[in-house]
Amino acid sequence: MRKNLEELPLPEGLARTLADAVLLEDDDLLILNKPAGLPVHGGSGVPVGVIEGLRRLRPESGFLELAHRLDRETSGCLVLARNRPALLAFHELLRDGRVDKVYCALVAGRWQGGPRRVAQSLSRTDRRGEVRLVQVDEEGQDADSFFTPRQVFAEATLMDVQIGTGRTHQIRVHAAHEGHPVAGDRHYGDFEFNRRMKRLGLKRQFLHAASLQFMLPTQGRAYNVLAPLDPALERVLERLEPR
7 MRKNLEELPL PEGLARTLAD AVLLEDDDLL ILNKPAGLPV HGGSGVPVGV
57 IEGLRRLRPE SGFLELAHRL DRETSGCLVL ARNRPALLAF HELLRDGRVD
107 KVYCALVAGR WQGGPRRVAQ SLSRTDRRGE VRLVQVDEEG QDADSFFTPR
157 QVFAEATLMD VQIGTGRTHQ IRVHAAHEGH PVAGDRHYGD FEFNRRMKRL
207 GLKRQFLHAA SLQFMLPTQG RAYNVLAPLD PALERVLERL EPR
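In structure tokens, the structure reads:
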């Protein structure tokens, strides 16, 4: 009889990747710097995602659940709960907008002006392969992103993006709607810009969940977690032509 997937040994490379990705761990939460390209859960031809991998890596943990999600190609802060009260408390924080999430994104073009709030409702649209796409739609769900330019290059801008809501593909769709799609975005991006960025070494979508700040009421603990940027993305920034 074929073994249950969670009983099979974890591939050594994936086990090392997940172990090295841990940023913080306590009795309530485990927070990772999720690598790009690794889905948060298995499916669609990928048998093992973050949650299945960590359950195999930490069989003694017992309860371990995703507290929120990141797109497969987005790296950075990912929260997992180690008990149900922590999971429910974190979900309540998300619903109430009490989790301060900041993303780092490289977008096409030179951003004009300073910080800008983008409040454009979003709805799901057609599938492209295994991906269900999203579009700006005034009849859709409310979505709120706040873009702050950090560094402007000759043909791109490095942004900090705070999100007040966590809709699917929110930052990517809002950035594209503003005329500044995320570098490397295969679904909402600019083909020619992406090709130029690929020549600079960009092999993935340049979107990274850089930091999380929140207070978990179950323990009264304040969390302030920073996820370092992938060195490969740092190298792309070093190769960009200055303004």
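All residue numbers for the sequence shown refer to my numbering, where the first residue is 7 and numbers rise by one.
Backbone N, C-alpha and C define an ideal beta-carbon position, used for all residues, glycine too.
Quick caveat: nothing in here was measured; it's all calculated off a predicted structure.
| Check | Outcome |
| --- | --- |
| DSSP state of R104 mapped onto helix, strand, coil | coil |
| Whole-angstrom distance between R104 and L94, CA atom to CA atom | 14 Å |
| Straight-line gap, M7 to V56 (C-alpha atoms, nearest Å) | The pLDDT assigned to M7 is 33, lower than 50, so where the model puts this residue is not dependable; a value taken from the coordinates is nonetheless given after this. C-alpha separation (whole angstroms): 26 Å. |
| For Q126, the nearest candidate out of V142, R133 and F197 (CA to CA) | V142 |
| Enclosing beta strand (DSSP E) for Q176 [first to last residue] | Here Q176 belongs to no beta strand (DSSP E); instead the alpha helix (DSSP H) covers Q176 to H183. |
| Per DSSP, the bridge partner or partners of S67 | None, per the DSSP bridge assignment. |
| R249 versus V158 - alpha carbon distance | 6 Å |
| Under 9 Å between C-beta atoms of M203 and A181 | no |
| Buried versus exposed, by CB contacts within 10 Å (16 or more), N230 | exposed |
| Span separating the alpha-carbon of T224 from that of A92 | 7 Å |
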